[in-house]
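What follows is a set of notes on a single structure, which appears directly below.
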Amino acid sequence: MTEQDLVAAPAGVPVLDLDPFSMALLDDPYPYHARLREAGPVVWMPKHGIYVTGRHEQVREVLNDHEAYISSAGVGLANFNKEPPFRPKSLILEADPPDHTRARTVLSRILSPRSVMLIRASFVLEADRLLDELLAAVQAGQVVDGIGQVAEAYPLKVFPDAVGLESQGRENLLLYGDMVFNAVGPRNELLARSAEKVQPVTAWIMAHCQRHMLQAGGFGDLIYQAADAGEISQDEAPMLVRSFLSAGVDTTVNGIGNALWCLASHPEAYAKLHADPGLARTAFEEALRFESAVQTFFRTTSRDVLLAGVPIPAGSKVLASLAAANRDERQWPDPERFDIERRPTGHMAFGSGIHGCVGQVVARLEGELILAALAKRFKRLELAGQPTRRLNNTLRALSSLPLRLTPA
Ligand code: OVV
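Positions 2 to 409 (my numbering) are the ones given, in order, by the sequence shown.
Rendered as structure tokens:
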């Protein structure tokens, strides 16, 4: 008998006896998402002793009521009030107001639309440089791997450059992201496998959060300047740089990778994008809705709450499926259709509320620029073989995406 078996099913809540973190459901989550939405506005999963919601209205409600649904007890399955966190808690992700507010204020300013305008030109230059290289490779007859050569290559160049990180060792950012996002799930095989490499990778990350490792004027240095100004303490600065390095790369890599997969599997959508590269921004947005890079986050109830009339006791873990909400037929007309002319305002891929992605201006910039650069150079983008998945407890990720590209 496991600990989970002891958690009795609460009365009046539909029960769904599934493990959303099993390999099978991570590999193909959409039939499970449909069952989740259908079963009710909130369901009980005995396997992990959690409440789960996959409808847009309730996901939005959970994320927007940060007093009832707190983050300081962790945004994964683990309840930090009962077990120690796997790493020192993030000062922004795993915090509630008022602690959260100070960190958020600093990061919001560093990643604001105004400040991102200053890096736009360099992001444009790099997208063009990378895609010119890709065009040359295609003209030389190569099949392209959309993940390695585009989805990983571009964010791994522009984002760490913007943070002010050295070029050496950036592959650690992908390994660290894989680990941090696996740690949002249960202690399953996936977490065990990514945690095997935890020590050297964490050591590299933490070393690169130090001030002397960060180029003056970059996002990392700007955090230390905020500490100099007394907005945060000197001890908090490296921890906030860690947030950039945790959340800033694997997310955009998979956002872009998934967008390429969507376009490769919907030729009519790519044809539209090629005809009008100005659609790049909404195409990226629709890909975020359709194949959300970050699939889920948890909250913990701070008190007894009612969600869609369902009573949830204090101290419960609530799983919000951003990805299921993004295909909720109650919210979206024809949700299973990938339509780059849809304006999917209100999608949950960046979350919502006070914890909504603070880097979304940068993420959208990367997605827009890489898709526009691609659309301008190639008239067709097709699958050249079976893509392979990289299973992760939280990320929807591919490890390879063979593409046949036809120059315009
Ligand atoms: C995985 C993740 C998402 C968002 C923020 C952070 C981590 C953080 O470390 O602050």
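Note that CB positions come from ideal geometry on N, CA and C, so glycine has one too. From a predicted model like this one, the values you see are computed outputs, not experimental measurements.
Buried/exposed call for N183, threshold 16 Cβ in 10 Å: Position 182 of the sequence shown holds residue 183. Classification for N183: buried.
Straight-line gap, A74 to Y155 (C-alpha atoms, nearest Å): As a working mapping, residue 74 is identified with position 73 in the sequence shown. As a working mapping, residue 155 is identified with position 154 in the sequence shown. So the two alpha carbons sit approximately 34 Å from each other.
N- and C-terminal bounds of the alpha helix (DSSP H) containing S247: Start at 1 with the first residue of the sequence shown, and residue 247 comes out as number 246. Residues E237 to A248.
Euclidean distance between Cα positions of D162 and S123: Your numbering for residue 162 matches position 161 in the sequence shown. Your numbering for residue 123 matches position 122 in the sequence shown. Cα to Cα, D162 sits roughly 10 Å from S123.
Sequence ranges, alpha helix (DSSP H) only - wholly within the stretch 347-409, length at least 4: 361-378
Assigned exposure category for K380 - 16 Cβ within 10 Å defines buried: The residue labelled residue 380 in the question sits at position 379 within the sequence shown. With fewer than 16 Cβ atoms within 10 Å of its Cβ, K380 is classed as exposed.
Buried or exposed (CB count within 10 angstroms, at least 16 for buried), M24: One-based indexing of the sequence shown puts residue 24 at position 23. Flag for M24 reads exposed.
L78 beta carbon near the ligand OVV (any heavy atom closer than 7 Å): Here residue 78 refers to the residue found at position 77 when the sequence shown is read from its first residue. No, since every heavy atom of the ligand OVV falls outside the 7 Å radius drawn around the Cβ of L78.
Minimum length 4: unbroken alpha helix (DSSP H) runs contained in the stretch 265-315: 268-276 and 281-291
Residues near L404 in its chain [Cβ-Cβ closer than 8 Å; skip 5 each side]: Here residue 404 refers to the residue found at position 403 when the sequence shown is read from its first residue. V144, V145, D146, G147, L261, A265, L382, E383, L384 and A385.
Closer than 7 Å: R290 CB and nearest the ligand OVV heavy atom: As a first step, residue 290 is located in the sequence shown; it is residue number 289 there, counting from the start. No, since every heavy atom of the ligand OVV falls outside the 7 Å radius drawn around the Cβ of R290.
Host beta strand (DSSP E) of L320 (start-end): As a working note, residue 320 is residue 319 in the sequence shown. Counting along the chain, the beta strand (DSSP E) containing L320 begins and ends at K318 to S322.
W205, DSSP secondary structure in three states: Stepping through the sequence shown from its first residue, residue 205 is reached at position 204. Of the three classes helix, strand and coil, the one that applies to W205 here is helix, per DSSP.
Cβ contact (3+ pairs, closer than 8 Å) linking the stretch 272-284 and the stretch 234-246: no
Counted within 10 angstroms of its Cβ, other Cβ atoms place R38 as buried (16 or more) or exposed: Here residue 38 corresponds to residue number 37 of the sequence shown, with the count starting at 1. Buried, because 16 or more other Cβ atoms sit within 10 Å of the Cβ of R38.
Proximity test, L112 beta-carbon vs the ligand OVV heavy atom, cut-off 7 Å: As a first step, residue 112 is located in the sequence shown; it is residue number 111 there, counting from the start. Because no heavy atom of the ligand OVV lies under 7 Å away, the Cβ of L112 does not count as near it: no.
Under 8 Å between C-beta atoms of P187 and L78: For this step, residue 187 is matched to residue 186 along the sequence shown. For this step, residue 78 is matched to residue 77 along the sequence shown. Closer than 8 Å, so yes.
Through-space distance from T297 to A35, alpha-carbon basis: Residue mapping note: residue 35 aligns to position 34 of the sequence shown, counting from 1. Residue mapping note: residue 297 aligns to position 296 of the sequence shown, counting from 1. Cα to Cα, A35 sits roughly 15 Å from T297.
Assigned secondary structure, W45 (DSSP; H/G/I helix, E/B strand, else coil): For the purposes of this step, residue 45 is identified with residue 44 of the sequence shown, where counting begins at 1. In this structure, W45 counts as strand in the three-state DSSP scheme.
D179, DSSP secondary structure in three states: Start at 1 with the first residue of the sequence shown, and residue 179 comes out as number 178. DSSP places D179 in helix when its eight states are reduced to three.
Candidates G55, L175, L307 and A204: closest to A69 by CA position: Mapped onto the sequence shown, residue 69 falls at position 68. Measuring from the Cα of A69, the nearest candidate turns out to be L307.
Option in A281, S322, V319 and D340 with minimal Cα separation from E369: Counted from its first residue, the sequence shown places residue 369 at position 368. Out of A281, S322, V319 and D340, A281 has the C-alpha closest to the C-alpha of E369.
Spatial distance of H67 from V159 (CA atoms): Taking the first residue of the sequence shown as 1, we reach residue 67 at position 66. Taking the first residue of the sequence shown as 1, we reach residue 159 at position 158. If I take the Cα positions, the gap works out to 33 Å.
G360 burial status per 10 Å Cβ neighbour count (16 or more: buried): As a position in the sequence shown, residue 360 is number 359, starting the count at 1. Answer is buried; the Cβ neighbour count reaches 16.
Segment contact, 8 Å Cβ cut-off, at least three pairs: the stretch 92-104 with the stretch 206-218: no
6 Å CB neighbourhood of V164 in its chain, flanking five on each side removed: Walking along the sequence shown from the start, residue 164 turns up at place 163. Cβ neighbours of V164 beyond the five flanking positions: G219, F220, G221 and F245.
Cα-Cα separation between D229 and R110, rounded to whole angstroms: Counting from one through the sequence shown, the residue named residue 229 turns up at place 228. Counting from one through the sequence shown, the residue named residue 110 turns up at place 109. Rounded to whole angstroms, D229 to R110 spans 15 Å at the Cα level.
Endpoints, the beta strand (DSSP E) within which V53 is located: Here residue 53 refers to the residue found at position 52 when the sequence shown is read from its first residue. Its beta strand (DSSP E) spans residues I51 to T54.
Beta-ladder partner(s) of I71, from DSSP: As a position in the sequence shown, residue 71 is number 70, starting the count at 1. The partner list for I71 (beta bridge, DSSP) reads T301.
H101, enclosing alpha helix (DSSP H) - first and last residue: Residue mapping note: residue 101 aligns to position 100 of the sequence shown, counting from 1. Per DSSP, H101 belongs to the alpha helix (DSSP H) from D100 to I111.
Nearest neighbour of P86, chosen from V181, R397 and T253 [CA to CA]: In the sequence shown, residue 86 corresponds to position 85, counting from 1. Here the closest residue by C-alpha is V181.
Cβ-heavy atom distance, V181 to the ligand OVV, below 7 Å: As a first step, residue 181 must be located in the sequence shown, where it is residue number 180. V181: yes, Cβ under 7 Å from the ligand OVV.
Assigned exposure category for E127 - 16 Cβ within 10 Å defines buried: Position 126 of the sequence shown, counting from 1, holds the residue named residue 127. Result: buried.
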